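Okay, here's the thing in structure tokens:
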């Protein structure tokens, strides 16, 4: 029975949470209070773990929540339930797009969509960049001597140059190098 | 049949690696997708990828899964979509299970924190470089630049103002603006044709 409820709750989350993984957060809080499967404190642990492990944050939180509720099988159920609405809606939307691909109306819509999509990607990048390169707490306190995270900025320049001149190297290699650099530089 | 199985296995394998190396969610996986799917395999174009993100932002479900589904479907239909999604989820799922069973306090660990700080630096640079690449196919005229800056400003202001416009609304408004601009252009052309 728990598994069915778990499926229902995460299917609902997958259907109603639109956007990035953190959009699933209110639904998890809701589950904590109404179902009592885990506590609200557990939810903040989930965010910490979901952000510090690979994968999409929403999927990771569903895995953790499912595990707390129903063990390994629980986590598989919740991830499957979270995925199903995405697969169903995209299958339908993609079919629709294919059908009207050549229509001028659809093509005009895409001339507006593409730059908007770029803007949101840039915005997401900026959202990561600000806390990565600046100590926002120190800035707000007016302590400018520690406001700029120089080591992170220098690492960024090094990676940028590395990507520019070593085009063959896979992005994931840079991610691994950056992880090691982060530990060595105590970022 | 054999060809199809091969495609499914390849989708699964690509997304397995994307899932294992994505830190920070849907947008952080874009640089890896761009390298693996556009540059290396030529399965989709830069434009396709940009479209998938725009639509994935305003349809139900989290962006990472929506984009994976789009790509999997375009390559091998429903089974492709499922292969890509499962591939994407598998490694993270196993890592979380291991962590929640064996490694209490994993995310508070000092080394994990430093490594993540380094990874975040890299993700910023990778996203920047990907944007510079996508710019060539997407921001090629005044109209697209205007849309880009307006959406960027409105999305940025949302973080500082008491009210914020939901991102899907911005995306839909941009699409409607595109349609409107197309209509106006059409009409102008028709008028120009009449006077000649």
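Chains as they are written, first to last, in the numbering used here: chain P, -16 to 170; chain H, 15 to 210.
By construction, the Cβ of each residue, glycine as well, lies at the ideal position given by its N, Cα and C atoms.
Bear in mind the structure is a predicted one, so any value in this text is a computation, not a measurement.
Whole angstroms is fine: what's the gap from residue 159 of chain H's alpha carbon to residue 171 of chain H's?
Rounded to the nearest angstrom, the two C-alpha atoms are 18 Å apart.
CB-CB length for residue 142 of chain P against residue 135 of chain H, believed under 8 Å
Rounded to whole angstroms, the Cβ separation of residue 142 of chain P and residue 135 of chain H is 7 Å, and the two are in contact under 8 Å.
Please check if any C-beta of chain P sits within less than 8 Å of the C-beta of residue 210 of chain H.
Low confidence applies here, because residue 210 of chain H scores a pLDDT of 45, under 50, leaving its location unreliable; read the following figure in that light. So no, residue 210 of chain H is outside the interface.
Which partner residues does residue 49 of chain P have in the DSSP bridge list?
Checking the DSSP bridge columns, you'll see residue 49 of chain P has no partner listed.
Please list, in chain order, the residues of the stretch 121 to 155 of chain H that have any C-beta partner in chain P closer than 7 Å.
121, 125, 126, 128, 129, 130, 131, 132, 133, 134, 135, 136, 137, 138, 139, 140, 141, 142, 143, 145, 148, 152 and 153
Please list the residues of the stretch 5 to 26 of chain P that have a C-beta atom closer than 9 Å to any C-beta atom in chain H, keeping them in chain order.
5, 6 and 7
Span of the alpha helix (DSSP H) around residue 13 of chain P:
8 to 17 is the span of the alpha helix (DSSP H), which, as asked, contains residue 13 of chain P.
State buried or exposed for residue 52 of chain H, treating a residue as buried only when at least 16 other CB atoms are found within 10 Å of its CB.
Buried.
Taking three-plus beta-carbon pairs below 8 Å as touching, is the stretch 99 to 107 of chain P in contact with the stretch 90 to 101 of chain H?
With the cut-off at 8 Å, the stretch 99 to 107 of chain P and the stretch 90 to 101 of chain H do not touch.
Helix, strand or coil for residue 1 of chain P per DSSP?
Note: residue 1 of chain P maps to strand in three-state DSSP.
Looking at residue 95 of chain H and residue 70 of chain P, is the spacing between their C-beta atoms short of 8 Å?
yes
Are residue 46 of chain P and residue 23 of chain P closer than 8 Å when you measure CB to CB?
no
Whole-angstrom distance between residue 165 of chain P and residue 123 of chain H, CA atom to CA atom:
So the two alpha carbons sit approximately 13 Å from each other.
Closer than 9 Å at the beta carbon, the chain H residues around residue 64 of chain P
Within chain H, no residue comes near residue 64 of chain P; the closest Cβ sits about 11 Å away, beyond 9 Å.
Could you check which residue in H:107, H:89, H:81 and H:93 has the C-alpha nearest to that of residue 54 of chain P?
H:107
Give me the chain P residues within the contact set of residue 111 of chain H, using Cβ-Cβ distance strictly less than 8 Å, ordered along the chain.
46, 50, 55 and 58
Cut-off 7 Å between Cβ atoms - residues of its own chain near residue 81 of chain H, not counting five sequence neighbours on either side
40, 66, 67 and 70
With DSSP collapsed to three states, give me the class of residue 37 of chain H.
strand
Does any residue of chain H bring its CB to less than 8 Å from the CB of residue 84 of chain P?
no
Beta-carbon neighbours of residue 49 of chain H, restricted to chain P and to distances below 9 Å:
153, 154 and 155
Between residue 138 of chain P and residue 117 of chain P, how many whole angstroms is the CB-CB distance? I'm expecting something under 8 Å.
With 8 Å as the limit, residue 138 of chain P and residue 117 of chain P do not qualify as a contact, their Cβ atoms being about 14 Å apart.
Taking only runs of the alpha helix (DSSP H) that begin and end inside the stretch 26 to 79 of chain H, which ones reach a length of at least 4 residues, in chain order?
44 to 47 and 60 to 72
In chain order, what residues of the same chain lie with their CB nearer than 8 Å to the CB of residue 180 of chain P, ignoring the 5 residues before and after it?
An answer regarding residue 180 of chain P cannot be provided, because it is not within the stretch -16 to 170 covered by chain P.
Give me the Cα-Cα distance between residue 202 of chain H and residue 157 of chain H, rounded to the nearest whole angstrom.
Between residue 202 of chain H and residue 157 of chain H, the C-alpha separation is close to 16 Å.
If you drop the 5 nearest sequence neighbours on each side, which residues of the same chain put their C-beta closer than 7 Å to that of residue 169 of chain H?
181 and 184
For residue 132 of chain H, the three-state DSSP class (helix, strand or coil):
Helix at residue 132 of chain H.
Quick one: grab the DSSP three-state call for residue 119 of chain H.
The answer is coil: DSSP assigns residue 119 of chain H none of H, G, I, E or B.
Cutting at 6 Å between CB atoms, please list the residues of its own chain near residue 36 of chain H, excluding the five before and the five after it.
The residues are 42 and 43.
With a 10 Å radius around its C-beta and 16 neighbouring C-beta atoms as the bar for buried, classify residue 67 of chain P as buried or exposed.
buried
What is the residue span of the alpha helix (DSSP H) that residue 25 of chain P lies within?
Unbroken alpha helix (DSSP H) run through residue 25 of chain P: 23 to 35.
How far does the alpha helix (DSSP H) with residue 132 of chain P in it extend, from its first residue to its last?
Run containing residue 132 of chain P: none; DSSP gives neither H nor E here.
Would you say residue 153 of chain H and residue 97 of chain H are within 8 Å of each other, going by their C-beta atoms?
no
Mind reading off the beta-carbon distance from residue 59 of chain P to residue 5 of chain P? Whole number of angstroms is fine, and I expect it under 8 Å.
Contact doesn't hold; Cβ gap of about 23 Å is too wide.
Please check if any C-beta of chain C sits within less than 8 Å of the C-beta of residue 192 of chain H.
As a matter of chain content, chain C is missing from the structure shown, whose protein chains are P and H.
Mind checking if residue 125 of chain P is an interface residue toward chain H, Cβ cutoff 8 Å exclusive?
no
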